[in-house]
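Residue numbers (my numbering): 5 to 159. Backbone N, C-alpha and C define an ideal beta-carbon position, used for all residues, glycine too. Presented below is the structure to which this report refers.
If you want it as structure tokens, here you go:
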């Protein structure tokens, strides 16, 4: 049975009292609890929001650094090194942007009551998998099937 959770803002509630957060201090979901209970949903909401906030801060830092360090170097080797480093940083930021999109999709699934359930089978994804990868959309079994298909198409 799916549950919906209202997400009022994109600010994690980790610094608020447990009553406002929906889960106690130092809480970590376990398999012994009711799957995707309100407490677990609140925990994953905050985990995702905190991750999103950190990625956005990294993006802002990169933009600031690129503006500050966009001078042209007199030495061609120094210029090439600077451009290479900036290219790597932009590539990392692009990955972060894509990850933010996946985080937003996971937050939407929390809002819609679909978080924690495999999009292919509807089965629970599992707490361990969600703790390791909170943006997961497939159960381990479904992900393995998907990877086998990819390998067979590639070969």
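* To do: Excluding the 5 residues preceding and the 5 following residue 59 in the sequence, name in chain order all residues of the same chain whose CB lies nearer than 7 Å to its CB.
  => Cβ neighbours of residue 59 within its own chain (closer than 7 Å, five residues either side excluded): 100, 103 and 104.
* To do: Please state whether DSSP places residue 121 in a helix, a strand or coil.
  => Correct three-state label for residue 121: strand.
* Asked: Among the residues of its own chain, which have a CB less than 8 Å from the CB of residue 43, if the five just before and after it don't count?
  -> 26, 27, 31, 33 and 37
* **Bridge partner(s) assigned by DSSP for residue 21** => The bridge partners DSSP lists for residue 21 come to none.
* **Rounded distance between the beta-carbons of residue 51 and residue 160, thought under 8 Å** => Here the chain covers residues 5 to 159 and nothing more, so residue 160 does not appear.
* Alpha-carbon to alpha-carbon, residue 134 and residue 114 -> 13 Å
* Asked: Based on Cα-Cα distance, which residue from 40, 48 and 109 lies nearest to residue 136?
  -> 48
* To do: Output the boundary residues of the alpha helix (DSSP H) element that contains residue 157.
  => 144–158
* What do you get for residue 94, buried or exposed, if any count of 16 or more other CB atoms within 10 angstroms of its CB means buried? -> exposed
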